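Worksheet for the structure shown next.
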Amino acid sequence: GENVEQHPSTLSVQEGDSAVIKCTYSDSASNYFPWYKQELGKRPQLIIDIRSNVGEKKDQRIAVTLNKTAKHFSLHITETQPEDSAVYFCAADDTKTSYDKVIFGPGTSLSVIP
Amino acid sequence: DTEVTQTPKHLVMGMTNKKSLKCEQHMGHRAMYWYKQKAKKPPELMFVYSYEKLSINESVPSRFSPECPNSSLLNLHLHALQPEDSALYLCASSLSYGGETQYFGPGTRLLVL
């Protein structure tokens, strides 16, 4: 089945700097790659997703890039703000199952220092 | 209504108790999920319902029993739980299967004494 790795596990940046989180996946047939943000005590919330037919997607300060050949995708947050502090999970769909299952990476704890 | 709701928010139960968690969505989604999440870990899939039928049980112990009474409701019945079952239980839903976005509820924080 699908395996998703994520790096780094923790990341501290100064407010205003950029943050980059990288993920790799094992299933070359995966087509869907969502990113979730989870603040302490809150639900995971989708912040951006990308499908395999595009290489990059941007939404204001957040962008995701996908390299299908290398089987990796990355989250880029520019002009970070303290409210960006959270745990971020990447995920990839598991094409070996007949239902909508995504496999989550282990998470990155991002701290934005004011 | 564009949210997944869950009740209760918090639950404390003894190992001999029987309790139920409830999840509801009115977005017309036909796939619903139960996840278990431990602190500092990603959500871990437990069950998937697709069109009100149980599609998968990820080898979850029988002390957890899911139920999907209709397309908007999902329950998780708990019986004879162990302290290690203490966790955040998240419900999610998606339009259908096949790479659709999953939307999470706020979760039920469960403590088993």
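Chains A and B, in that order, are what the protein sequence lines are.
424 is the number of the first residue of the first sequence in the working numbering; add one for each residue after it.
1349 is the number of the first residue of the second sequence in the working numbering; add one for each residue after it.
Glycine included, C-beta positions come from ideal geometry on N, C-alpha and C.
Being a predicted model, the structure only gives us computed values, none of them experimental.
- For E502(A), the three-state secondary structure derived from DSSP is coil.
- The DSSP-derived three-state label of E462(A) is coil.
- Here DSSP, grouped into helix, strand and coil, assigns E479(A) to strand.
- Taking a beta-carbon distance threshold of 8 Å, G530(A) counts as an interface residue toward chain B.
- Residue environment for P1409(B): exposed (fewer than 16 other C-beta atoms within 10 angstroms of its C-beta).
- In its chain, beyond the 5 residues on either side, Q468, I470, A509 and Y511 have a beta carbon closer than 6 Å to the beta carbon of K460(A).
- The beta carbon of G1455(B) sits closer than 8 Å to some beta carbon of chain A.
- One finds R466 and P467 in chain A with Cβ atoms closer than 8 Å to the Cβ of L1438(B), taken in chain order.
- Proximity of the stretch 443 to 452 of chain A to the stretch 489 to 508 of chain A meets the contact definition, three or more beta-carbon pairs being nearer than 8 Å.
- For L1402(B), no chain A residue has a C-beta closer than 7 Å to its own C-beta; the minimum C-beta separation is roughly 10 Å.
- One alpha carbon belongs to E1392(B), the other to E1406(B), and they sit about 9 Å apart.
- Using a 10 angstroms sphere on the CB of L1402(B), the tally of other CB atoms stays under 16, which defines it as exposed.
- The beta carbon of Y455(A) sits closer than 6 Å to those of R474 and D516, all from its chain and outside the five residues before and after it, given in chain order.
- Annotation: G1453(B) to K491(A) spans about 31 Å, alpha carbon to alpha carbon.
- Between the stretch 1415 to 1430 of chain B and the stretch 1363 to 1374 of chain B there are three or more inter-stretch CB-CB distances shorter than 8 Å, so the stretches are counted as touching.
- With fewer than 16 other beta carbons inside 10 angstroms of its own, I536(A) counts as exposed.
- If you draw a 10 Å sphere on the C-beta of H1377(B), you find 16 or more other C-beta atoms in it, and that means buried.
- Its chain contains L489 as the residues whose beta carbon lies nearer than 6 Å to that of G478(A), once the 5 sequence neighbours on both sides are disregarded; these appear in chain order.
- Taking 8 Å as the Cβ-Cβ cut-off, the stretch 473 to 507 of chain A approaches chain B at R474, given in chain order.
- Listed along chain B, the residues sitting closer than 8 Å to V525(A) by beta-carbon distance are Q1450.
- When secondary structure is reduced to three states using DSSP, E1432(B) falls in the helix class.
- Exclusion of the five residues before and after R466(A) leaves no residue of its chain whose Cβ lies closer than 6 Å to its Cβ.
- Counting along the chain, P1390(B) sits inside no beta strand (DSSP E), nor does DSSP assign it H or E at all.
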